[in-house]
Amino acid sequence: MKAQLLALVLVTAHATTTAAQTTVYESRDAQGNTVFSDKPSPGAKAIELPQPNVIQTDLLPPPPAQAAPVSGAGKKASIDADATPVYSSLAIASPGDQDSIYTNTGAFDVTLKIDPDLRTNQGDFIQLKLDGTLVPQQFSAPDISISSADWAASATDNTAHTLQAAILDKQGKILIESAPVTFYAHRHSIL
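Take the sequence shown: its letters are residues 2 to 192, numbered as in this note's numbering.
See the structure below:
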């Protein structure tokens, strides 16, 4: 099957580079496999190929500069200079920088903006740092609920707190990190 697909791709690529100057023929070999060729054979039928789409590449803008290596959680990750970044942006939408949250237990919600969407089918996951300490659990969606147990394991006893998010692949390599945000945690009061 792979050989047939490769043959089709090669014939199609050749046909599109010659801009339909050559006729492509489809036939079957002795084993019944489909064969594509630019030469007719007994029982072969001609295939009509559409005109190729042509893009003038000299009009495209230059590629963006590569991001600097990122690090976190004691692991260092370097970005391969030839690799295309998987994610173009990661930001903490809520709580916002300098926002206040009200919680008596430490539980609160976090919302992330990820572009493109998180590739959970590839094993990518989200990890949070609260006050510089990794939150014990990993997350698989941009809407996250921090539990009181997460808070107890990660937060400091200050009013001001920092929060940072990172997306890692299934091997634990950091793909992108957000900028940290500072927020203030207050207790609800009847006063």
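We put the CB at the ideal spot given by N, CA and C, even for glycine. Only a predicted model underlies this, so the values are computations on that prediction, with no experimental measurement involved.
Keeping to the same chain, check which residues put their C-beta closer than 7 Å to that of residue i; ignore five residues upstream and five downstream.
i: residue 61; result: Reliability of the predicted coordinates at residue 61 is poor, the pLDDT of 49 falling under 50, and no value is obtained from them.
i: residue 100; result: 184
i: residue 104; result: 186
What are the boundary residues of the beta strand (DSSP E) that residue i is part of?
i: residue 144; result: 144-147
i: residue 29; result: 25-29
i: residue 116; result: 109-116
i: residue 126; result: 126-131
Per DSSP, what kind of secondary structure is residue i in: helix, strand or coil?
i: residue 52; result: coil
i: residue 157; result: coil
When the Cα atoms are used, what is the spatial distance from residue i to residue j?
i: residue 67; j: residue 86; result: Any reading at residue 67 must be qualified, since the residue scores a pLDDT of 47, below 50, and its modelled position is unreliable; the value itself is stated next. Their Cα atoms are separated by approximately 8 Å.
i: residue 24; j: residue 33; result: 22 Å
i: residue 173; j: residue 102; result: 30 Å
i: residue 143; j: residue 177; result: 14 Å
Closest by CA to residue i, which one among the options?
i: residue 153; options: 169, 124, 130; result: 130
i: residue 161; options: 179, 187, 137; result: 187
i: residue 168; options: 124, 98, 48; result: 124
i: residue 171; options: 149, 156, 182, 139; result: 139
i: residue 159; options: 52, 145, 133; result: 133
Looking only at its chain, what residues have a beta carbon closer than 6 Å to the beta carbon of residue i, apart from the 5 residues adjacent to it on each side?
i: residue 116; result: 89, 90
i: residue 114; result: 92, 94
Note down, in chain order, each residue of its chain lying with its Cβ closer than 8 Å to the Cβ of residue i, except the 5 sequence neighbours on either side.
i: residue 179; result: 91, 92, 93, 113, 165, 166, 167
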